[in-house]
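Asker: Protein chains in written order, with the working numbering: chain A, 1 to 143; chain B, 144 to 286; chain C, 287 to 399; chain D, 400 to 512. Glycine is no exception: its CB is placed at the ideal position from the N, C-alpha and C atoms. Remember, it's a predicted structure, so these values are computed and weren't measured experimentally. The structure that follows is given in the form of structure tokens.
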Ligand SMILES: Nc1ncnc2c1ncn2[C@@H]1O[C@H](COP(=O)(O)OP(=O)(O)O)[C@@H](O)[C@H]1O
Ligand SMILES: Nc1ncnc2c1ncn2[C@@H]1O[C@H](COP(=O)(O)OP(=O)(O)O)[C@@H](O)[C@H]1O
């Protein structure tokens, strides 16, 4: 990763009611970087799913816990094709081994789509445990 | 002010390019609290103007300086008519005495509309100097 | 998100407006299951014209409705999908499993697919 | 925000899309002043149909255009104002000072107000 420029940092509680505000923030940021409408929708979905998973799984549905999101503009291999990096940090439980593998889509199951949506929408989705925090890094470049 | 519940905290740099992301965040938050479309537009405008003033006046146009925004849901006199409180904090210069009086609108002057827009859009607009920080508190209740 | 029901003879139409996400997908799920499992309505129709956004938790609620309708030999129908809702259903590879129409007229008139 | 110019004989039409705020109002201002002051174009028209949002810094740029046009006895015209843009101009109490039309045809055909 060549360069990274922090655009916006959000701190929120693990409350589903703020999801709409986060979606509202990310779409115009992606658009300002230069992503087209469909990409903006995909990025919005990926971030929504990531926060939903933090609320439901890392925090077990408990509200009032801290979530931090950082949006950065990044330059990849091509200077004229920048990208958006989203770094999500929580202080919740560590995922169980293999939990983040995800399930195959297309089956009539109420659940198990979030990780699939995130991976389909972004170029990179990487989870890392750092001390007592989970860090989810998602990156997408303009094509 | 009876009760206040923090919904979202944003930290950004004094960079005009992130204004669109902040606008994107505040409109759905206001809508989720229950404000109608026109009120959501008014709140969005007030916040945009407040950040614009911090960038231009408190930080003298310098980019890369810290701005913090807190959105809280507040309850006023009527429990069924909640409000949105926006608290904007910067570490820039203190306004000159009388600077925040604002100018009368309606004149052909390129400038001087921001404070007018903020006061027209919100129920309360109060500036306070606390240590080395400026705190702008804006509140609007659902009517 | 707002959800309201119009009840015709043996048919319930839910008009949904706003985003469906974790904040309200449980309410959507509950409305669907009440209609299908408790009231045993044989045809439940979701008007999604006003839904500009739906995420996996919303899709999961629709899947719950579909599963309940299959259990009960009822019909569960969607219409008025926005571009974005269609994209998300496509991504879930579940688009083909739902009975989907363009508009309310078709949703009301069509015989079982 | 995108701004592009269509140049007819003695008329320039600027097509603007996107939000006008502090991030780009200086570019709008520059485009207007170049056309009016440097190129001495006698009629400059702003197509604001694609502008869903404008703040005081955007209004300030339009005011600069209006002032320059008055200095130079040129015409400065707006058309295609969105509800939100109209609300903001109303709030500024400057709505009446601008020459505003509904659409491009009217903006092009009308004689000086
Ligand atoms: N942030 C997370 N922390 C812990 N476990 C997670 C997290 N995200 C996902 N998981 C695990 O991965 C599984 C699949 O997630 P996902 O595809 O989003 O579907 P769903 O959340 O509907 O189960 C979850 O059921 C959970 O066990
Ligand atoms: N955050 C601030 N810090 C310091 N001074 C300010 C601030 N906001 C406004 N002012 C002062 O108030 C004046 C009027 O502000 P405003 O109505 O927004 O119009 P404009 O910013 O276009 O001048 C500004 O010119 C400035 O002197």
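#1: Between residue 70 (chain A) and residue 504 (chain D), what straight-line distance do the alpha-carbon atoms span, to the nearest angstrom?
#2: Checking contacts by CB at 8 Å: is residue 124 (chain B) closer than that to chain D?
#3: Taking Cβ positions only, does residue 418 (chain D) come closer than 8 Å to chain B?
#4: Given a threshold of 16 other Cβ atoms within 10 Å of its Cβ, counted over all protein chains shown, does residue 404 (chain D) qualify as buried or as exposed?
#5: If you follow the beta strand (DSSP E) that residue 445 (chain D) is part of, which residue opens it and which one closes it?
#6: Would you say residue 1 (chain A) reaches chain C, if we count a Cβ-Cβ gap shorter than 8 Å as a contact?
#7: So that I know if they touch, is there some Cβ in chain C lying closer than 8 Å to that of residue 20 (chain A)?
#8: Closest Cβ-Cβ distance between residue 378 (chain C) and chain A: below 8 Å?
#9: Return helix, strand or coil for residue 206 (chain B), following the three-state DSSP convention.
#10: If you run the structure through DSSP and keep just helix, strand and coil, what is residue 419 (chain D)?
#11: Could you confirm whether any beta carbon from chain B is found closer than 8 Å to the beta carbon of residue 476 (chain D)?
#12: Where does residue 236 (chain B) sit, in a helix, a strand or coil, going by DSSP?
#13: Could you give the DSSP three-state label for residue 290 (chain C): helix, strand or coil?
#14: With 8 Å as the limit, tell me which residues of the stretch 169-187 of chain B have their beta carbon closer than that to any beta carbon of chain A; keep them in chain order.
#15: Assuming residue 360 (chain C) and residue 306 (chain C) make a contact with CB atoms under 8 Å, what is their CB distance in whole Å?
#16: Where does residue 144 (chain B) fall in DSSP's three states?
#17: Please confirm whether residue 454 (chain D) and residue 188 (chain B) have their CB atoms less than 8 Å apart.
#18: Taking CB distances under 8 Å as the criterion, tell me whether residue 278 (chain B) reaches chain A.
#19: Under a CB-based cut-off of 8 Å, is residue 466 (chain D) close to chain B?
#20: Any idea what DSSP makes of residue 271 (chain B), helix, strand or coil?
#21: So what does DSSP say about residue 353 (chain C), is it helix, strand or coil?
#22: Counting only the same chain and skipping the five closest in sequence on each side, list residues whose C-beta sits under 7 Å from that of residue 484 (chain D).
#23: On the CB-based measure, 16 or more other CB atoms within 10 Å of its CB, does residue 296 (chain C) come out buried or exposed?
#24: Give me the Cα-Cα distance between residue 400 (chain D) and residue 105 (chain A), rounded to the nearest whole angstrom.
#25: Please tell me whether residue 266 (chain B) has its Cβ less than 8 Å away from any Cβ of chain D.
#26: Could you tell me which chain D residues have their CB closer than 9 Å to the CB of residue 140 (chain B), listed as they occur along the chain?
#27: Taking 8 Å as the threshold (C-beta atoms), are residue 50 (chain A) and residue 92 (chain A) in contact?
#28: May I ask you to check if the CB of residue 455 (chain D) is nearer than 7 Å to at least one heavy atom of ligand 2?
#29: So is residue 274 (chain B) in contact with chain D if we call contact Cβ pairs under 8 Å?
#30: Taking one C-beta from the stretch 273-284 of chain B and one from the stretch 222-230 of chain B each time, how about it: are there three or more such pairs within less than 8 Å?
#31: When you compare the CB of residue 66 (chain A) with every CB in chain C, is at least one pair closer than 8 Å?
#32: Alpha helix (DSSP H) containing residue 117 (chain A): first to last residue?
#33: What separation, rounded to the nearest whole angstrom, lies between the Cα atoms of residue 144 (chain A) and residue 171 (chain B)?
#34: Look at the alpha carbon of residue 1 (chain A) and the alpha carbon of residue 124 (chain A), and state the distance between them as a whole number of angstroms.
#35: Are the Cβ atoms of residue 477 (chain D) and residue 198 (chain B) separated by less than 8 Å?
#36: Kindly indicate which three-state DSSP category residue 196 (chain B) falls into: helix, strand or coil?
Answerer: In short:
#1: Here the question's residue 70 (chain A) lines up with position 70 in the first chain. Here the question's residue 504 (chain D) lines up with position 105 in the fourth chain. Roughly 46 Å separates the two Cα atoms.
#2: Residue 124 (chain B) is absent from the model: chain B starts at 144 and stops at 286.
#3: As a first step, residue 418 (chain D) is located in the fourth chain; it is residue number 19 there, counting from the start. Chain B contact via Cβ: present.
#4: Residue 404 (chain D) sits at position 5 when you count from the first residue of the fourth chain. Label assigned to residue 404 (chain D): exposed.
#5: Here residue 445 (chain D) corresponds to residue number 46 of the fourth chain, with the count starting at 1. Its beta strand (DSSP E) spans residues 442-449.
#6: The residue labelled residue 1 (chain A) in the question sits at position 1 within the first chain. Per-residue confidence for residue 1 (chain A) stands at a pLDDT of 48, beneath the threshold of 50, marking its modelled position as unreliable; the derived number appears in the next sentence. No, its Cβ sits nowhere closer than 8 Å to a Cβ of chain C.
#7: Counted from its first residue, the first chain places residue 20 (chain A) at position 20. So, interface residue.
#8: Taking the first residue of the third chain as 1, we reach residue 378 (chain C) at position 92. Interface residue, yes.
#9: Here residue 206 (chain B) refers to the residue found at position 63 when the second chain is read from its first residue. Residue state, collapsed to three classes: coil.
#10: Taking the first residue of the fourth chain as 1, we reach residue 419 (chain D) at position 20. Reduced to three states, the DSSP call for residue 419 (chain D) is strand.
#11: Start at 1 with the first residue of the fourth chain, and residue 476 (chain D) comes out as number 77. No, residue 476 (chain D) does not count as interfacial toward chain B.
#12: One-based indexing of the second chain puts residue 236 (chain B) at position 93. It is coil, neither helix nor strand.
#13: Residue numbering aside, residue 290 (chain C) sits at position 4 when the third chain is read from its first letter. DSSP places residue 290 (chain C) in strand when its eight states are reduced to three.
#14: Within the stretch 169-187 of chain B, the residues whose Cβ lies closer than 8 Å to some Cβ of chain A are 169, 170, 171, 172, 174 and 175, listed in chain order.
#15: Taking the first residue of the third chain as position 1, residue 360 (chain C) is located at position 74. Taking the first residue of the third chain as position 1, residue 306 (chain C) is located at position 20. In fact, because the Cβ distance is near 21 Å, the residues do not count as touching under 8 Å.
#16: Taking the second chain and counting its residues from 1, the one referred to as residue 144 (chain B) is at position 1. Here the model assigns residue 144 (chain B) a pLDDT of 48, short of 50, so the residue's position is not dependable, and the following value carries that caveat. Coil at residue 144 (chain B), not helix or strand.
#17: Sequence index remark: in the fourth chain, residue 454 (chain D) carries index 55 (1-based). Sequence index remark: in the second chain, residue 188 (chain B) carries index 45 (1-based). Closer than 8 Å, so yes.
#18: Here residue 278 (chain B) refers to the residue found at position 135 of the second chain. Residue contact with chain A for residue 278 (chain B): absent (no Cβ-Cβ distance below 8 Å to any residue of chain A).
#19: Position 67 of the fourth chain holds residue 466 (chain D). So, interface residue.
#20: As a working mapping, residue 271 (chain B) is identified with position 128 in the second chain. Here DSSP, grouped into helix, strand and coil, assigns residue 271 (chain B) to strand.
#21: On the third chain, position 67 is the one that residue 353 (chain C) refers to. Here residue 353 (chain C) sits in helix by DSSP.
#22: Residue 484 (chain D) sits at position 85 when you count from the first residue of the fourth chain. Once the five neighbours on either side are set aside, the close Cβ partners of residue 484 (chain D) are 447, 450 and 453.
#23: The residue given as residue 296 (chain C) occupies position 10 in the third chain. Label assigned to residue 296 (chain C): exposed.
#24: Position 1 of the fourth chain, counting from 1, holds the residue named residue 400 (chain D). Position 105 of the first chain, counting from 1, holds the residue named residue 105 (chain A). Cα-Cα distance, rounded: 38 Å.
#25: For the purposes of this step, residue 266 (chain B) is identified with residue 123 of the second chain, where counting begins at 1. Against chain D, the CB of residue 266 (chain B) has no partner CB under 8 Å away; the residue lies outside that interface.
#26: The structure shown does not extend to residue 140 (chain B), since chain B is modelled only from 144 through 286, so no value can be given for it.
#27: The count along the first chain starts at 1 and reaches residue 92 (chain A) at position 92. The count along the first chain starts at 1 and reaches residue 50 (chain A) at position 50. The answer is no: Cβ separation not under 8 Å.
#28: Within the fourth chain, the letter at position 56 stands for residue 455 (chain D). Correct: residue 455 (chain D) has its Cβ closer than 7 Å to ligand 2.
#29: Sequence index remark: in the second chain, residue 274 (chain B) carries index 131 (1-based). Closer than 8 Å: no.
#30: Yes: at least three Cβ pairs fall under 8 Å.
#31: As a position in the first chain, residue 66 (chain A) is number 66, starting the count at 1. Cβ-Cβ to chain C under 8 Å: no for residue 66 (chain A).
#32: What you label residue 117 (chain A) is simply residue 117 of the first chain in a count that begins at 1. Run containing residue 117 (chain A): 114-121, per the alpha helix (DSSP H) assignment.
#33: Residue 144 (chain A) falls outside the range modelled here, since chain A spans only 1 to 143, and no answer is possible.
#34: Taking the first chain and counting its residues from 1, one reaches residue 1 (chain A) at position 1. Taking the first chain and counting its residues from 1, one reaches residue 124 (chain A) at position 124. Model confidence at residue 1 (chain A) stands at a pLDDT of 48, short of 50, so the residue's coordinates are unreliable; what they give is reported in the following sentence. Straight-line Cα distance between these residues: approximately 12 Å.
#35: On the fourth chain, residue 477 (chain D) is found 78 positions in, with the first residue counted as 1. On the second chain, residue 198 (chain B) is found 55 positions in, with the first residue counted as 1. Their beta carbons are not under 8 Å apart, which means residue 477 (chain D) does not touch residue 198 (chain B) by this criterion.
#36: What you label residue 196 (chain B) is simply residue 53 of the second chain in a count that begins at 1. In the structure shown, residue 196 (chain B) sits in a helix (DSSP, three-state: H, G or I).
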